[in-house]
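Novice: Mind having a look at this structure? Questions to follow.
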Amino acid sequence: MSSTQSRTRQYIYIALLCAQGVIIGLLERMIPFPFAFAPGAKLGLANLITIVSLFTMSVPDSFFLMLLRLLLTTLLGGTLSTFLYSSAGAFLSWLGMLLIMQLGEKRVSMIGISAAGGILHNVGQLVVASAIAGSWTVMLYLPVLAFMGILSGIAVGIAANFLFEHVDTLQRLRYTRLKE
40 MSSTQSRTRQ YIYIALLCAQ GVIIGLLERM IPFPFAFAPG AKLGLANLIT IVSLFTMSVP
100 DSFFLMLLRL LLTTLLGGTL STFLYSSAGA FLSWLGMLLI MQLGEKRVSM IGISAAGGIL
160 HNVGQLVVAS AIAGSWTVML YLPVLAFMGI LSGIAVGIAA NFLFEHVDTL QRLRYTRLKE
């Protein structure tokens with residue numbers, strides 16, 4: 040296969056994952072969250088796409104996918120403030136998961152990486168909220184959001200594990216990525 044064909048396949052893969060992430064993100068916005076003690080908390084289901092990208096793509100392609108997904112989700116149903124919160128959370132989560140992945144699968148599982156990403160996403164959002172409010176007291180909400188982030192991160196990590204165990208294409212792409 041030529042390098043042009045290979046790159047075209049990679050662009051198609053990025054586009055497919057981006058479309059899935061946008062759809063999941065938009066659907067998730069429609070789900071009412073039942074926990075009144077944690078307003079603003081979400082399940083973080085679109086982070087499943089981030090986990091898949093980190094385990095199957097190069098770092099620049101994974102970063103590009105994250106940016107593209109943020110922009111499209113915002114354009115299709117968000118506001119400037121949701122973009123600010125989401126981008127801070129997504130970038131910090133992506134970077135943290137990428138760094139934790141460097142420890143290796145023997146030290147940290149996919150579920151642990153995902154749980155850390157859930158917490159870091161909330162930290163990023165609270166940093167932006169603190170900057171907008173001009174007060175660090177917003178960070179007092181971190182324990183509640185961290186707990187919710189851990190729970191949702193574990194759920195997303197379990198789903199990602201399931202996908203990697205049962206989808207042959209993801210198994211092959213993960214193996215190829217590990218060999219790089």
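In terms of the numbering used here, the sequence shown opens at residue 40 and continues consecutively. Don't be surprised by glycine CBs; every beta carbon is placed ideally from N, CA and C. As the structure is a prediction and not an experimental result, all values here were calculated from the model.
Taking the straight line between their C-alpha atoms, what separation do you get for I53 and D100?
Specialist: 8 Å
Novice: May I ask you to verify whether the segment 109-118 touches the segment 144-154, counting CB pairs closer than 8 Å and requiring at least 3?
Specialist: no
Novice: Is DSSP giving P71 helix, strand or coil here?
Specialist: The answer is coil: DSSP assigns P71 none of H, G, I, E or B.
Novice: Have a look at Q174 and Q44 and give me their C-alpha separation to the nearest angstrom.
Specialist: Sequence check: residue 174 is Ser here, not Gln. Roughly 51 Å separates the two Cα atoms.
Novice: Thinking C-alpha only, which one of V206, L93 and F203 is nearest Q141?
Specialist: L93
Novice: Out of T176, A85, H205 and M105, state which residue places its alpha-carbon closest to the alpha-carbon of A194.
Specialist: A85
Novice: By the 10 Å Cβ neighbour count, where 16 or more other Cβ atoms means buried, how is H205 classified, buried or exposed?
Specialist: Burial is judged here by how many other beta carbons sit within 10 angstroms of a residue's own beta carbon; H205 has fewer than 16 and is exposed.
Novice: Nearest CA to the CA of F203: which residue from S191, L106, L114 and L87?
Specialist: L87
Novice: What are the start and end residues of the alpha helix (DSSP H) that includes L111?
Specialist: From DSSP, the alpha helix (DSSP H) with L111 extends over V98 to G116.
Novice: Please state whether the Cβ-Cβ distance between G192 and A155 is less than 8 Å.
Specialist: yes
Novice: With 16 other CB atoms within 10 Å as the buried threshold, where does I51 fall?
Specialist: exposed
Novice: With a cut-off of 8 Å on the beta carbons, I'd call S153 and G196 a contact; round off their distance for me.
Specialist: 3 Å
Novice: Which value, in whole angstroms, describes the spacing of the CA atoms of L209 and A170?
Specialist: Taking the straight line joining both Cα atoms gives about 39 Å.
Novice: Could you name the residues of the same chain whose beta carbon sits closer than 6 Å to that of S97, not counting the 5 residues immediately before and after it, in chain order?
Specialist: none
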